[in-house]
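K.L.:
For the sequence shown, this note's numbering assigns the number 12 to the initial residue and increments by one for each residue that follows.
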Amino acid sequence: MYNNINTTILQDERVDGADKTNGKAKYTAEYQLANLAYGVFVTSNIAKGTVKELDISKAIAAPGVLDVIYYANCPAVPGYNPNASERPKNVNEWRGHKVLYDNKVRFFGQPIALIVADSFENANAAIRLVKAVYDKEEHETNFDVLRKDSTKLKPAVTYKRGQEKAFATASKFIEAEYNIPIEVHLPMEMHATIAYWEGEDKITLYDKTQGPKSTQSTVARTFGLQEKNVRVIAENVGGGFGSGLRSWANVPAACIASKKLNRPVKIVLTRPQMFNLAGYRPQSWQKIGIGADATGKFIGITHEAISNTSKYEDFREGIVNVSRFLYAVDNVDTKYNVLPLDLSTPIWMRGPGEASGCFALESAIDELSYQLNMDPIDLRIKNFTDINPENKMPFSAINLKDCYAYGKEKIGWKSRPTKPGTLKENGMYIGYGMAVGVFGAGKGTASVRAVFSKDGRLVLECAVSDMGPGTTTSMTKIASTSMQMPLDKIKFKLGDSDFPAGPSQGGSGTTSTVGSAVDMACKTLQQNLKELAIQFAPSFANKLITEMEVKNEYVFLTTDASVKISVIDLMKLSNKEVLDITITSNGNNPSQMKYTSNSFSAHFVKLGVNPKTGKVKLLKVVTTGDNGKVISPKTARSQMLGGVVGGIGMALTEQVQIDHTTGQIINSSFGTYQVPLHSMIPPIDVWFVDKPDYNVNSIGAKGLGEIALIGFSAAVANAVYNATGKRLRDLPITPEKINLKKA
Ligand code: MOS
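1) Is W359 near the ligand MOS, in the sense that its beta carbon is under 7 angstroms from a heavy atom of that ligand?
2) Along the chain, where does the beta strand (DSSP E) that runs through Y38 open and close?
3) Quick check on this structure: which residue in V633, K640, A143 and E132 has the alpha carbon closest to the alpha carbon of I659?
4) For the pair the segment 208 to 223 and the segment 185 to 196, tell me if three or more CB-CB distances fall below 8 angstroms.
5) Is M478 helix, strand or coil by DSSP?
6) State the DSSP-derived secondary structure class of W105, mapped to helix, strand or coil.
7) In three-state DSSP terms, what is P122?
8) May I ask you to check if the CB of G716 is nearer than 7 angstroms to at least one heavy atom of the ligand MOS?
9) Which residues bound the beta strand (DSSP E) around P223?
10) Determine the burial state of F681: buried for a count of at least 16 other Cβ atoms within 10 Å of its Cβ, exposed for fewer.
11) Between T646 and V697, what straight-line distance do the alpha-carbon atoms span, to the nearest angstrom?
12) With a threshold of 7 angstroms, establish whether the CB of Q650 neighbours any heavy atom of the ligand MOS.
13) Run through the DSSP bridge pairs and tell me what S577 is partnered with.
14) Beta-carbon within less than 6 angstroms of I537's beta-carbon, same chain only, minus the 5 sequence neighbours each way: which residues are those?
15) Does the ligand MOS have a heavy atom nearer than 7 angstroms to the CB of L505?
16) Would you say the beta carbon of G253 comes nearer than 7 angstroms to a heavy atom of the ligand MOS?
17) Our contact map puts I744 next to V727 with C-beta atoms below 8 angstroms; I'd like the distance itself, whole angstroms only.
18) Near E315, what residues of its chain come up, given a Cβ to Cβ distance below 6 angstroms and the 5 sequence neighbours on each side ignored?
19) Within the present structure, is the beta-carbon of Q666 separated from the nearest heavy atom of the ligand MOS by less than 7 angstroms?
20) How would you label R98, buried or exposed, when you count the other beta carbons within 10 angstroms and need 16 or more for buried?
21) Quick one: Cα of G467 to Cα of M486, how far?
22) Which whole-angstrom value describes the C-beta separation of G307 and G453, a residue pair presumed to lie in contact below a C-beta threshold of 8 angstroms?
23) Does DSSP put I556 in a helix, a strand or coil?
24) Pick from C533, G674, A87 and D129: whose alpha carbon is nearest that of K109?
25) Counting only the same chain and skipping the five closest in sequence on each side, list residues whose C-beta sits under 7 angstroms from that of A461.
26) Do S612 and G368 count as a contact pair if the criterion is CB distance below 8 angstroms?
27) Would you call the CB atoms of G657 and R361 closer than 8 angstroms?
28) In the DSSP assignment, what are the bridge partners of N190?
29) What is the rounded straight-line gap between the Cα of L383 and the Cα of G442?
30) Going by beta carbon distance, what residues of the same chain come within less than 6 angstroms of E513, once the five residues before and after it are set aside?
31) Assuming I358 and S254 are in contact, meaning their beta carbons sit under 8 angstroms apart, how far apart are those beta carbons, in whole angstroms?
32) Taking 7 angstroms as the cut-off, is the C-beta of P363 nearer than that to any heavy atom in the ligand MOS?
33) Kindly list the residues whose CB is nearer than 6 angstroms to the CB of A528, restricted to its own chain and excluding five residues on each side of it in sequence; keep chain order.
34) Just confirm the distance between the C-beta atoms of I138 and G50, as a whole number of angstroms; I'd bet it's less than 8 angstroms.
35) May I ask you to report which of helix, strand or coil DSSP gives L350?
36) How about S399 and F336: are their beta carbons less than 8 angstroms apart?
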């Protein structure tokens, strides 16, 4: 009864799979340049204050050390405008913490100096020789305490439709608070930059970034350069999850050091530094009130949230937004504040906003379903809407009900106990839970160059990056479909700012945005080939483009397939070496303006809870995606698997811990910041609706990177409640929080 794409044996279709497996694929830190120097950061041991004195004399005399750069000897950086606040309005400025610029300390572990040496080891060895004397000031890092002090919060952003707090007028309602700690992206590849100046006003960087063009423009505006004189290469990126969506201290520091020393400089963050020098998901507190009438129809939702930012920048995300549009409800009010703390600035992390928001909303709906004595899936269907109630526009496509049907069947929902804590298997309490994820699915602007050669090969170029989802593969597949030519004759090149402009890889937008441009470029090439046939191939003279087709490397007549010419013969006949075009596909096409577009997911979990230890064991996961057409089943499935693993981490293990007496992160390693173990991952059934959504773009595909994770943590929390009767609203759900012995 279910479609093919999910049951087909997945061929290894990853075009870069072999290179990534055999080590041929190069990542930023792996590039070796002649005369390369190595930079390492010396970081602060206080959370707030000033560096009164920095003694670098011993470090500078240490073996191999070339320089120690800090505020007193750092060359002027044009974009480090001394008159600017830390939140500049001027576009020609570096945004964020100005590394090596002044003696202020804004968070524990902030870089206060850069040691540059002839080897990584020599640079590292000199760190302990730098002595800092601080003037310490009182720091604020304790979110749980400070969020209660309204004077500490930035002004709220509010939204209201209908009546405020209408949920409390409903016959059944609940109101509860939810807490999510700081979580960190921790991609396998550390953030790294190699910078070298090719002249006074020209620089090249190898950089771990999700956006070669974004890094290019950051470096250009920081160092007062023309964009065309900044080249950024990020051919392979070993994971990002959002941490590569802006440039961090390693980027300007490498540029500064390279200029000062007049040689290439490489900086690679350490794993502990990855915890606070490359962003993180902010800590959040949420409160949701939700009420329904006796039939389950939602009466009102009130959703409040506070998340942390740094003292020197505002970072905001749409935590409460999901409550405004996912379900049919007339009365919604939301409120969102940020709380500045003496920590580094957060950034988007997989499913930014919605990952936190859906944890709370989808937990609240589950909780309400027990009050109503109603199946939580039925409750969601009862409040289903195919018109976005916030902007009143129809969803371009929404097939969540198909996801529910599949998940229900495959997880074995009929065995779910309606009364929590009543089902036992193998000595464990068994529970079933589900939750929904949603994320915006737009299409932006991208340019693509397509070069079709006389040997019948096609090369495409776009300055996007591939942080791991398989963009190279999916773009090659889109080109293969649009050009109707074999995969192995197509090469898609990315990760170089010299290529035509593409978006940063973020917000699950790459396939839709760049894929549309690839499709457009290929269709243009097809058109060009038809025109060449009319012009140069005698059998096509006087024929119309509309009666011609390009397929399997031939141009032929649709009315008489025996009239044909191979594309290679055609290129020869027309005396062309290449057809070389660059096209731009714009965002906001007219049909896109008539609809509101999202990708959706529904996650289903079966788990057991050990009554003695409170330990959760996931037994089965069914995860379903409603994201339009699936371009590459293998890489799409892998994305969903990754989302589930990330979701298990969010639900059960991951949390940054801060010692508030010092402001220091005390678990900045994989030994102490727990990510899910392999043994915690159950069999995962991945399924896609796989219905093209042509209202969004010509290829019918929407993103799935975010929806793979969004909502998953709520599915786990809901299953834990179903198993034990314990409603856990603070992540991660650790055994001591479940604590059935004392219950
Ligand atoms: Mo994703 S958080 O948009 O890299």
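Even glycine gets a Cβ: it sits at the ideal position worked out from N, Cα and C. Predicted, not measured: the structure shown is a model, and the values here were computed from it.
P.N.:
Taking the structure as given:
1) For W359, the Cβ falls inside the 7 angstroms cut-off from some heavy atom of the ligand MOS.
2) Counting along the chain, Y38 falls outside any beta strand (DSSP E), and DSSP gives it neither H nor E.
3) Closest by C-alpha distance to I659, out of V633, K640, A143 and E132, is V633.
4) Not touching, per the Cβ criterion.
5) DSSP places M478 in the coil class of the three-state scheme, outside both helix and strand.
6) Of the three classes helix, strand and coil, the one that applies to W105 here is coil, per DSSP.
7) The answer is strand: DSSP assigns P122 an E or B state.
8) Under cutoff, so the answer is yes.
9) DSSP places P223 outside any beta strand (DSSP E); the residue lies instead in the alpha helix (DSSP H), whose first and last residues are P223 to F234.
10) F681 counts as exposed, since fewer than 16 other C-beta atoms from the protein chains shown sit within 10 angstroms of its C-beta.
11) Looking at the two C-alpha atoms, the distance is approximately 12 angstroms.
12) Of the heavy atoms belonging to the ligand MOS, none sits nearer than 7 angstroms to the Cβ of Q650.
13) DSSP lists Y565 as partners of S577.
14) Position check: residue 537 holds Gln in this sequence, whereas Ile was assumed. Closer than 6 angstroms at Cβ, skipping near neighbours: V561.
15) Relative to the ligand MOS, even the nearest heavy atom lies 7 angstroms or more away from the CB of L505.
16) Yes, the beta carbon of G253 sits closer than 7 angstroms to at least one heavy atom of the ligand MOS.
17) A Cβ-Cβ separation of about 7 angstroms places I744 in contact with V727 under the 8 angstroms criterion.
18) Short of 6 angstroms from the beta carbon of E315, and not among the five residues preceding or following it, lie these beta carbons of its own chain, in chain order: K298 and K346.
19) Shortest gap from the CB of Q666 to any heavy atom of the ligand MOS: 7 angstroms or more.
20) Bear in mind that the predicted position of R98 carries a pLDDT of just 47, short of 50, making it unreliable; the figure below should be weighed with that in mind. By the neighbour-count rule (16 or more Cβ atoms within 10 Å), R98 is not buried but exposed.
21) Rounded to the nearest whole angstrom, the CA to CA distance from G467 to M486 is 18 angstroms.
22) Not quite, the Cβ-Cβ distance comes to about 32 angstroms (not below 8 angstroms), so this is no contact.
23) DSSP places I556 within a helical segment (H, G or I) once states are collapsed to three.
24) Out of C533, G674, A87 and D129, the CA that lies nearest to the CA of K109 is found in A87.
25) Result list for A461: L469, L471, A532, C533, L536 and I592, in chain order.
26) Against a cut-off of 8 angstroms, the Cβ pair of S612 and G368 comes out as no contact.
27) Yes, they are a contact pair.
28) Beta-bridge analysis with DSSP links N190 to W296 and D741.
29) Using only the alpha carbons, I get a separation of about 19 angstroms.
30) According to the sequence shown, residue 513 is Gly rather than Glu. Residues A457, C473, A474, V475 and V525 of the same chain have their beta carbon placed closer than 6 angstroms to that of G513, with the five preceding and five following residues left out of the count.
31) Their Cβ separation, rounded to whole angstroms, is 6 angstroms, which keeps I358 and S254 in contact under 8 angstroms.
32) Yes, the beta carbon of P363 sits closer than 7 angstroms to at least one heavy atom of the ligand MOS.
33) Once the five neighbours on either side are set aside, the close Cβ partners of A528 are A457, V459 and S596.
34) In fact, because the Cβ distance is near 11 angstroms, the residues do not count as touching under 8 angstroms.
35) Three-state DSSP puts L350 in a strand.
36) According to the sequence provided, residue 399 is Asn. The question's Ser does not apply to it. Yes. Within cutoff.
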